[in-house]
Amino acid sequence: MPRNRTAHVLLLAALAGLTPPAAAQTTWDIDNTSSIGGAAVVDVVGSPTVVPTPFGDGLRFDGNDGLIVDANPIAGAAAYTIEMLFRPDPIENVSSNQPRVLHVQSAIPPDHRVTLETRVTGDNWYLDAFVRSQRPGQSNPSVVNSLAIIDDTKLHPLGEWYNFTVTYDGQTLAAYLNGQLELEGDVDVLATADGQVSLGMRHNKVNFFEGVIAKARFTPQVLDPADFLPAYVPGDYDRSGVVDAADYALWRTSYGGAAALGEGADGNRDGRIDAADYTVWRDAAPQAVELANAHHAVPEPSAAAFVLLLALAARRPTFDRSQHIDP
Ligand SMILES: [Ca+2]
Ligand SMILES: [Ca+2]
Ligand SMILES: [Ca+2]
Numbered sequence: 002m003p004r005n006r007t008a009h010v011l012l013l014a015a016l017a018g019l020t021p022p023a024a025a026q027t028t029w030d031i032d033n034t035s036s037i038g039g040a041a042v043v044d045v046v047g048s049p050t051v052v053p054t055p056f057g058d059g060l061r062f063d064g065n066d067g068l069i070v071d072a073n074p075i076a077g078a079a080a081y082t083i084e085m086l087f088r089p090d091p092i093e094n095v096s097s098n099q100p101r102v103l104h105v106q107s108a109i110p111p112d113h114r115v116t117l118e119t120r121v122t123g124d125n126w127y128l129d130a131f132v133r134s135q136r137p138g139q140s141n142p143s144v145v146n147s148l149a150i151i152d153d154t155k156l157h158p159l160g161e162w163y164n165f166t167v168t169y170d171g172q173t174l175a176a177y178l179n180g181q182l183e184l185e186g187d188v189d190v191l192a193t194a195d196g197q198v199s200l201g202m203r204h205n206k207v208n209f210f211e212g213v214i215a216k217a218r219f220t221p222q223v224l225d226p227a228d229f230l231p232a233y234v235p236g237d238y239d240r241s242g243v244v245d246a247a248d249y250a251l252w253r254t255s256y257g258g259a260a261a262l263g264e265g266a267d268g269n270r271d272g273r274i275d276a277a278d279y280t281v282w283r284d285a286a287p288q289a290v291e292l293a294n295a296h297h298a299v300p301e302p303s304a305a306a307f308v309l310l311l312a313l314a315a316r317r318p319t320f321d322r323s324q325h326i327d328p
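Per my numbering, the very first residue in the sequence shown carries number 2; after that it's consecutive.
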């Protein structure tokens, strides 16, 4: 790593430690077509459809749907993190094979952009991220820097939920899937000018997406991957898509042990499996019942599993995380 880049990274790390991100962090629940994150939806194409997801309601796009939100939560940020919880589905339309799933777009000029894109091939997809701005130091807005990062060998199955994250630290554009770095490259771009965000399509209403988007989160600094949104519902310790008795069983068998932060039954991300993680599971259980009743998006657990789930939830309703218990 060049020395100036090392200094830059150290400075960013120091700033990250001193500056809490929460105040300026913006989370969007993509669950309606009129107002997202307090900003107006100013254009709806086709009919994005509200559907239940493991993360609350989301919007389903089927290849000719999209919307435009009249806000850019990372406007003016020299460094940022954009996260998206989404499920890219198998496509019905061949033209849906290179969707711009989330597209940050300024006015033109200066035509500043950030896009979270996918490429679909057969039953799989791969990541594509893109950034563009007026070239720093140039007064002519048509003189630009841009970079696409993409690798068609890094395939992932369609039909599953993912956290697709893009970060830019002032020098390096990086793309992560479920917290794992997949792609990166260096490019010198300006802070994104204010503008809009399109979901489910490119901002100019082409390159449509087929799948579901549940959430997007914008942070005006680079987050540690350990702090990214989990791509699984809280309490779903076996990552099956539902919170049920199997997750309780996994918590019970791993009780008292250590875990990598957030892995397995470490629901509160402290590296230990203990009563606090039971509480996370217990609090998520009613949502699991609602989701199963809604019969969309997730497989329905067996009736026997729910009887057990409800019995367990009823049996251990009150202890707090400070108490020792035997699972
Ligand atoms: Ca449609
Ligand atoms: Ca589960
Ligand atoms: Ca824990």
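C-beta atoms are modelled at their ideal positions from N, C-alpha and C, and glycine is treated no differently.
Computed from a predicted model, the values in this text were never measured in an experiment.
* **Beta bridge counterpart(s) of residue 29 as assigned by DSSP** => Counting from one through the sequence shown, the residue named residue 29 turns up at place 28. Looking at the DSSP assignment, residue 29 forms a beta bridge with 217.
* Skipping 5 residues on each side, what residues in its chain have a beta carbon closer than 6 Å to that of residue 114? -> The residue labelled residue 114 in the question sits at position 113 within the sequence shown. Excluding sequence neighbours, residue 114 sits near 106, 133.
* Extent of the continuous alpha helix (DSSP H) run through residue 251 -> The residue you call residue 251 lines up with position 250 of the sequence shown. Residue 251 -> alpha helix (DSSP H) spans 246 to 255.
* Asked: Can you name, in chain order, every residue of its own chain whose Cβ lies under 6 Å from the Cβ of residue 149, other than the five neighbours on each side?
  -> Translated into positions along the sequence shown, residue 149 becomes position 148. Cβ neighbours of residue 149 beyond the five flanking positions: 131.
* Asked: Is residue 240 near ligand 3, in the sense that its beta carbon is under 6 Å from a heavy atom of that ligand?
  -> Mapped onto the sequence shown, residue 240 falls at position 239. The answer is no for residue 240.
* Asked: What number of angstroms, rounded off, separates the C-alpha of residue 263 from the C-alpha of residue 269?
  -> Along the sequence shown, one-based indexing puts residue 263 at 262. Along the sequence shown, one-based indexing puts residue 269 at 268. Cα to Cα, residue 263 sits roughly 7 Å from residue 269.
* To do: Taking only heavy atoms of ligand 3 into account, decide whether any of them is closer than 6 Å to the Cβ of residue 273.
  => Here residue 273 refers to the residue found at position 272 when the sequence shown is read from its first residue. Yes, Cβ of residue 273 sits closer than 6 Å to a heavy atom of ligand 3.
* Within 10 angstroms of its Cβ, does residue 170 collect 16 or more other Cβ (buried), or is it exposed? -> Counting from 1 along the sequence shown, the entry for residue 170 is found at position 169. It counts as buried.
* Can the beta-carbon of residue 236 be found closer than 7 Å to that of residue 282? -> Stepping through the sequence shown from its first residue, residue 236 is reached at position 235. Stepping through the sequence shown from its first residue, residue 282 is reached at position 281. Yes, these two residues count as a Cβ contact at 7 Å.
* What is the rounded straight-line gap between the Cα of residue 61 and the Cα of residue 34? -> Here the question's residue 61 lines up with position 60 in the sequence shown. Here the question's residue 34 lines up with position 33 in the sequence shown. Those two C-alpha atoms are separated by around 11 Å.
* Asked: residue 234: beta carbon under 6 Å from a heavy atom of ligand 2?
  -> As a position in the sequence shown, residue 234 is number 233, starting the count at 1. Outside the cutoff, so no.
* Asked: Whose C-alpha, out of 257, 155, 278, is nearest the C-alpha of residue 128?
  -> Counting from one through the sequence shown, the residue named residue 128 turns up at place 127. Of the listed residues, the one whose Cα sits closest to residue 128 is 155.
* **Neighbourhood of ligand 1 [Cβ distance below 6 Å to any heavy atom], ordered by chain position** => 47, 48, 63, 65, 66
* Asked: Should residue 98 be listed as close to ligand 3, given that the test is whether its C-beta is under 6 Å from any heavy atom?
  -> Here residue 98 refers to the residue found at position 97 of the sequence shown. No.
* Just how far apart, CA to CA, sit residue 96 and residue 102? -> Within the sequence shown, numbered from 1, the residue matching residue 96 stands at position 95. Within the sequence shown, numbered from 1, the residue matching residue 102 stands at position 101. Taking the straight line joining both Cα atoms gives about 14 Å.
* Are three or more beta carbon pairs between the segment 116 to 127 and the segment 59 to 77 nearer than 8 Å? -> no
* To do: Compare the C-alpha of residue 256 against each of 242, 248, 189, 275 and name the closest.
  => Looking up residue 256 in the sequence shown gives position 255. Cα-wise, what sits closest to residue 256 is 275.
* Flag this pair as touching only if the segment 139 to 146 and the segment 207 to 224 have three or more C-beta atom pairs under 8 Å; answer yes or no. => no
* Go ahead and pull the three-state DSSP assignment for residue 163. => Taking the first residue of the sequence shown as 1, we reach residue 163 at position 162. Note: residue 163 maps to strand in three-state DSSP.
* Asked: CB-CB under 8 Å to residue 296, same chain, minus the five flanking residues each way: which ones, in chain order?
  -> The residue given as residue 296 occupies position 295 in the sequence shown. Residue placement at residue 296 cannot be trusted, given a pLDDT of 48 that sits under 50; what the coordinates show is reported in the next sentence. Result list for residue 296: empty, nothing under 8 Å.
* Cβ-based neighbour list, residue 185, same chain, cut-off 8 Å, excluding 5 preceding and 5 following -> For the purposes of this step, residue 185 is taken as the residue at position 184 of the sequence shown. Cβ within range, chain order: 150, 173, 174, 175, 176.
* Asked: Among all the DSSP beta bridges, which residues are the ones paired with residue 150?
  -> The count along the sequence shown starts at 1 and reaches residue 150 at position 149. According to DSSP, which records beta bridges pairwise, residue 150 is partnered with 130.
* **Residue(s) in a DSSP beta bridge with residue 55** => Walking along the sequence shown from the start, residue 55 turns up at place 54. DSSP lists 57 as partners of residue 55.
* Which term fits residue 43, buried or exposed, when burial requires 16 or more other beta carbons within 10 angstroms of its beta carbon? -> Taking the first residue of the sequence shown as position 1, residue 43 is located at position 42. Exposed, by the Cβ-count rule.
* Please report the Cβ distance between residue 206 and residue 31, rounded to the nearest whole angstrom; I am assuming they are in contact, meaning their Cβ atoms lie under 8 Å. => Translated into positions along the sequence shown, residue 206 becomes position 205. Translated into positions along the sequence shown, residue 31 becomes position 30. 18 Å between Cβ atoms; not a contact.
* Check the C-beta distance from residue 119 over to residue 100 and give it rounded, since I have them as a contact under 8 Å. => Within the sequence shown, numbered from 1, the residue matching residue 119 stands at position 118. Within the sequence shown, numbered from 1, the residue matching residue 100 stands at position 99. With 8 Å as the limit, residue 119 and residue 100 qualify as a contact, their Cβ atoms being about 6 Å apart.
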